[in-house]
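Reviewing the structure listed below.
Next up, the structure:
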């Protein structure tokens with residue numbers, strides 16, 4: 001229940017964006033303590049996904065966004081490294097694989113762009129990496145990758161919204177954190 005005195009233009013993201021991002025991380029990606037996580041897209045959903053990785057005790061959380069202006073705010077949500085794909089001459093997935101010595105344990109795509117979804121999948125580690133597609137792509141988009149990527153035991157999952165029902169989203173730390181997240185968001189929804 002939302003306090004009537006709360007600014008609705010800020011706390012409205014609790015009903016969708018924050019629950020979706022936190023839920024995708026905690027309920028679907030399920031990063032283990034000490035793991036590496038990449039979050040593609042640092043809007044409300046991506047920041048909540050990063051916060052979920054922080055709550056799960058990921059040791060390294062890489063934020064990926066084409067807007068470098070999002071880097072500073074992302075740090076308060078657990079982002080330890082920031083990559084702007086526009087700053088590199090090679091695909092962002094290659095940058096991430098190189099900076100993590102083989103790929104991340106978990107990747108969450110929170111943009112809805114199929115190119116980001118492919119990059120997220122191709123940035124996870126062979127053998128155990130899991131990419132979770134959170135953003136809503138166009139129904140016309142095609143997810144294309146080299147078939148060898150599937151043979152290397154990478155996993156791709158989808159989630160909508162946040163992977164579990166509201167009744168199952170009662171992880172105490174996540175509920176407390178979602179309230180804090182709403183107050184940290186620097187923009188308003190109009």
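Residue numbers (full-length UniProt numbering): 1 to 190. No residue lacks a Cβ here, since even glycine has one placed at the ideal position from N, Cα and C.
Close-in-space but distant-in-sequence residues of the same chain around residue i (CB under 6 Å, 5 per side omitted)
i: residue 246; result: Outside the shown range of the chain (1 to 190) lies residue 246, about which nothing can therefore be said.
i: residue 131; result: 107, 120, 121, 124 and 156
i: residue 36; result: 60, 100, 104 and 105
i: residue 71; result: 82
i: residue 158; result: 133
i: residue 80; result: 60 and 61
Residues sharing a beta bridge with residue i, DSSP
i: residue 109; result: 40 and 133
i: residue 60; result: 36
i: residue 104; result: 124
Residue i, enclosing beta strand (DSSP E) - first and last residue
i: residue 66; result: Segment: none, residue 66 is in no beta strand (DSSP E) and carries neither H nor E.
i: residue 192; result: There is simply no residue 192 to check, as the chain begins at 1 and stops at 190 in what is shown.
i: residue 157; result: 155-158
Extent of the continuous alpha helix (DSSP H) run through residue i
i: residue 21; result: 17-23
i: residue 114; result: 114-122
i: residue 97; result: 92-99
i: residue 27; result: Per DSSP, residue 27 belongs to no alpha helix (DSSP H) and is neither H nor E.
i: residue 149; result: 148-151
Close Cβ partners of residue i (< 7 Å) along its chain, the five nearest in sequence each way excluded
i: residue 205; result: In this structure the chain extends from 1 to 190, so residue 205 is not present and cannot be described.
i: residue 78; result: 50, 51, 53, 54 and 61
i: residue 150; result: none
i: residue 143; result: 114, 117 and 118
i: residue 145; result: 118, 121 and 122
i: residue 111; result: 40, 41 and 135
Nonlocal neighbours in the same chain, by C-beta distance under 8 Å from residue i, ignoring five residues either side
i: residue 34; result: 57, 58 and 59
i: residue 153; result: 126, 127 and 128
With 16 other Cβ atoms within 10 Å as the buried cut-off, status of residue i
i: residue 165; result: Any reading at residue 165 is ruled out, since the residue's pLDDT is 49, under 50, leaving its predicted position unreliable.
i: residue 136; result: exposed
i: residue 26; result: buried
i: residue 22; result: buried
i: residue 118; result: buried
i: residue 74; result: buried
i: residue 148; result: exposed
i: residue 4; result: exposed
i: residue 31; result: buried
i: residue 102; result: exposed
i: residue 42; result: buried
i: residue 17; result: buried
Residue i at chain C interface by Cβ criterion, 8 Å
i: residue 36; result: Annotation note: the requested chain C is absent from the structure, which comprises a single protein chain.
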